[in-house]
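To start, the structure under review is shown below, and the notes come after it.
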Amino acid sequence: MELILNLLAAPGSNVVVTLLLSTLAYSSPLILGALAGLFSERSGVVNIGLEGKMLAAACATAFVGQASANPLIGLVAGIVTATIFSILHWVLTQVYKIDHIISGMGINAIALGGTSLIAKTYLDISEKEMPTFPVAIYYIAAWVAAVTVWYLLKTTRPGLRLFAVGNNPDKSRQMGLKPLVIRFQALLATGLLTGLAGALIATNAGKFSEDMTSGRGYIALAALILGGWKPWPTLAAAVAFGFFGSLQLILQGQNSSIPGQFWQALPYLITLVALAGMVGKNRAPAGLGQP
Amino acid sequence: MKFLGWKQIVLAIAGFTLIILALIVAKAIPAEALRQVIEKALTKPSGWRNILQESTPLILLGCSVFLALKVGLFNIGADGQFVIGACAAVVVALNVPGPIAIPLSILAGILGGALWAYPVGLIKAYRGGHEVITTIMLNNIAAFFTFYLVSGPIKDPTSQQPSTASISTAAELPNLYEKLPFKLNSSILFAIVCVIGLWWYLKKTVGGYEISATGENTNVARFAGINVNRIIVRTMSASGAIAGLAGALQVLAFEHRFYGNFSPGYGFDALGVALLASSNPLGILASGLLFGTISESTSVLSRTGVPKGLSYILLGVLVIVFAAYRYRKEAQSGTDS
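Sequence lines, in order, name chains E and W. This note's numbering puts the last residue of the first sequence at 291; the count rises by one with no breaks. This note's numbering puts the last residue of the second sequence at 628; the count rises by one with no breaks.
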């Protein structure tokens, strides 16, 4: 983020290049988050807990990284934390059969409260320098993940099983598949990807601050819905949202007549209009939320 | 105790452990924390003043979410409707002189909230778009929109913060009882009337029955000749209207102005209040008070150095554990979903 802001400020810098670079920076956490949601929701588990998992991962990456002065340990801690939350979601929705939305909201609340508790109690650790991997690695990971997810879901056996379980859990049960096991695997993937997304957000900022994901988990969810739960359109939606985000950053400095809040609200508005415009066409996985 | 399975007990113990763990992480001694809460929040008039003040919006928002749940919708958007209601009420209260401003502002709040929920019902009924998604979108749009308003068009020019001017004393809702440090604002009457009204409407009227029938099984309700789509749009708008009323009262009774990031995340609390009330609307009073007590308790603790984040953990655990009991109960009585 620092790097990009400097680029923007540099005199004579090419606007197109900076716009592309900042789009890359803005969209990468959204891509990772949206793909995480894709795994979960394609297997039939509604996941509005992306925000909480990303936040928890950002917190763990920053604090463990700062405490250990090792970027790898930080990143692993972030991924493990997000995965624990993801498994908790599996336990609550699949074993306890709690409504998926309640479980997701509960996880978001616990993550928000827990990270705020840690951030306010351990101020001494957060003042240390956070060791980080170069952000480029995360950007590459996001795009590699997108291609991998597409390949996995379209052509491989586990991918097709994931589709089957998400579309009709009862029928796939009769075919000998185990929805519980497949959903567990899907939620592990969700944990890994939200962990990466959270780590990237913390890396971009260089430290953890309260509620630092600021709704990006929800924007990732919006990208997933706008993309009709399909890998390529979801990727396109996440990149588009990232583009609007970086456009806002550039326009903010130029005293435009359109307020900055408009650009911030734009992804939400677009999703709302798209939902209103889809005439009787529900493209969600048919088995979403079913036991 | 048929619904007390071992799985539920394990979850309750895990939840309790998490809360103790959170206190330890925050470097507090759990027993000492409990003593502080009892001493400073539960046994003091000022503590009860705050509890009742916190409970008022929670009870109203609980009603809002409860009503939507009855028709089978998760109104995650109570937060956005609350904010829009509050903003609309302030605009009216600032521009209308005298005590007539009170009813007009309340009306503006109700209309604002209903208007903000109306598209949610429409998209759900006629386009099949999930209400959780649309309400999350509308919450964020409401937050950005009102933040824009208070940092520009309706900003108090003398204020450093993004905030409106304060409403006149004539437009403030009076206190029912005042003997400092204890005071009780008349807005709690609205909350109580709303709960009783909701109970009466849902249990005793045809309209209420139509809502429950639609919520329990859309197809059966449709065959019975109920216009399901219209019920969904109407109930969602009514749910928004109650949330808007909560926003208006929050301004007229307590805050007396509107500012950026107005809601401290009431949306989630409201869902918890409604879920804890289970199937009886009158339970909202008790669960609203409980959530108000939790909020005040964690405020007291935050003054002793335990961050306010603890309240989110408490609420999250409470909602999850209670939902686990509730869904087991429902599974045993043979109804799904």
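Backbone N, C-alpha and C define an ideal beta-carbon position, used for all residues, glycine too.
Which chain E residues are close to residue i, counting only those with a beta carbon under 7 Å from its beta carbon?
i, result
"residue 562 of chain W", "105"
"residue 313 of chain W", "114 and 117"
"residue 559 of chain W", "105 and 109"
For residue i, return the contacting residues in chain W, with the cut-off set at a CB-CB distance below 9 Å.
i, result
"residue 272 of chain E", "410, 414, 420, 424, 425, 428, 429 and 432"
"residue 154 of chain E", "Ordered by position in chain W, no residue passes the 9 Å Cβ test against residue 154 of chain E, which lies about 25 Å from the chain."
"residue 222 of chain E", "424, 427 and 428"
"residue 92 of chain E", "302, 611, 614 and 615"
"residue 26 of chain E", "Here the premise fails: no neighbours, minimum Cβ distance about 16 Å."
Hey, residue i and residue j are a contact pair by Cβ (cut 8 Å); roughly how many whole angstroms apart?
i, j, result
"residue 422 of chain W", "residue 365 of chain W", "6 Å"
"residue 231 of chain E", "residue 146 of chain E", "7 Å"
"residue 117 of chain E", "residue 316 of chain W", "6 Å"
"residue 61 of chain E", "residue 75 of chain E", "6 Å"
"residue 269 of chain E", "residue 432 of chain W", "6 Å"
"residue 536 of chain W", "residue 582 of chain W", "About 18 Å; that fails the 8 Å criterion."
"residue 159 of chain E", "residue 610 of chain W", "Residue 159 of chain E to residue 610 of chain W, Cβ: 34 Å. No contact."
"residue 310 of chain W", "residue 597 of chain W", "About 11 Å separates the two Cβ atoms, so there is no contact after all."
"residue 602 of chain W", "residue 589 of chain W", "4 Å"
"residue 561 of chain W", "residue 349 of chain W", "7 Å"
For a contact meaning CB atoms closer than 7 Å, what does residue i contact in chain B?
i, result
"residue 435 of chain W", "Protein chains E and W are contained in the structure displayed, whereas chain B is not."
Any idea if residue i is buried or exposed, counting beta-carbon neighbours within 10 angstroms, 16 or more meaning buried?
i, result
"residue 234 of chain E", "buried"
"residue 347 of chain W", "buried"
"residue 108 of chain E", "buried"
"residue 478 of chain W", "buried"
"residue 317 of chain E", "Any property of residue 317 of chain E remains undetermined from this structure, which presents chain E solely from 1 to 291."
"residue 613 of chain W", "buried"
"residue 444 of chain W", "exposed"
"residue 292 of chain E", "Given that chain E is displayed from residue 1 to residue 291, the structure contains no residue 292 of chain E and the question cannot be resolved."
"residue 155 of chain E", "exposed"
"residue 372 of chain W", "buried"
"residue 139 of chain E", "buried"
"residue 201 of chain E", "buried"
"residue 216 of chain E", "buried"
"residue 55 of chain E", "buried"
"residue 386 of chain W", "exposed"
"residue 129 of chain E", "exposed"
"residue 388 of chain W", "exposed"
"residue 410 of chain W", "buried"
"residue 53 of chain E", "buried"
"residue 190 of chain E", "buried"
"residue 565 of chain W", "buried"
At a CB-CB cut-off below 8 Å, which residues of chain E make contact with residue i?
i, result
"residue 604 of chain W", "109, 110, 113, 114 and 117"
"residue 443 of chain W", "259"
"residue 298 of chain W", "95 and 96"
"residue 438 of chain W", "261"
"residue 601 of chain W", "113 and 117"
"residue 618 of chain W", "96, 97, 98 and 99"
"residue 566 of chain W", "102"
If you reduce the DSSP assignment to three classes, tell me which class residue i lands in.
i, result
"residue 475 of chain W", "strand"
"residue 466 of chain W", "strand"
"residue 246 of chain E", "helix"
"residue 454 of chain W", "strand"
"residue 279 of chain E", "Confidence in residue 279 of chain E is poor, its pLDDT being 49 and thus under 50, which makes the residue's placement too unreliable to answer from."
"residue 594 of chain W", "helix"
"residue 304 of chain W", "helix"
Closer than 9 Å by beta-carbon distance: list the chain E residues that pair up with residue i, in chain order.
i, result
"residue 470 of chain W", "In chain order: nothing, as chain E lies at least about 35 Å away."
"residue 608 of chain W", "106, 109 and 110"
"residue 553 of chain W", "The premise fails here: residue 553 of chain W is roughly 14 Å from chain E at the closest Cβ pair, so nothing lies under 9 Å."
Show which residues of chain W have a CB atom less than 8 Å away from the CB atom of residue i.
i, result
"residue 276 of chain E", "410, 413, 414, 418 and 420"
"residue 121 of chain E", "316, 317, 318 and 598"
"residue 101 of chain E", "365, 367 and 423"
Please list the partners that residue i has in chain W, where partner means a Cβ-to-Cβ separation under 7 Å.
i, result
"residue 269 of chain E", "432"
"residue 215 of chain E", "431"
"residue 137 of chain E", "In chain order: nothing, as chain W lies at least about 30 Å away."
"residue 48 of chain E", "423"
"residue 225 of chain E", "424"
"residue 151 of chain E", "The premise fails here: residue 151 of chain E is roughly 28 Å from chain W at the closest Cβ pair, so nothing lies under 7 Å."
Start-end ranges of the alpha helix (DSSP H) lying completely within the stretch 77-132 of chain E, minimum 4 residues: 100-121 and 123-126
Pick out the complete alpha helix (DSSP H) segments inside the stretch 189-219 of chain E, 4 residues or longer, and give them in chain order. none
Secondary structure, alpha helix (DSSP H): runs of 4+ residues fully inside the stretch 388-434 of chain W: 392-418
Give the list of continuous beta strand (DSSP E) stretches no shorter than 3 residues that lie fully inside the stretch 32-70 of chain E. none
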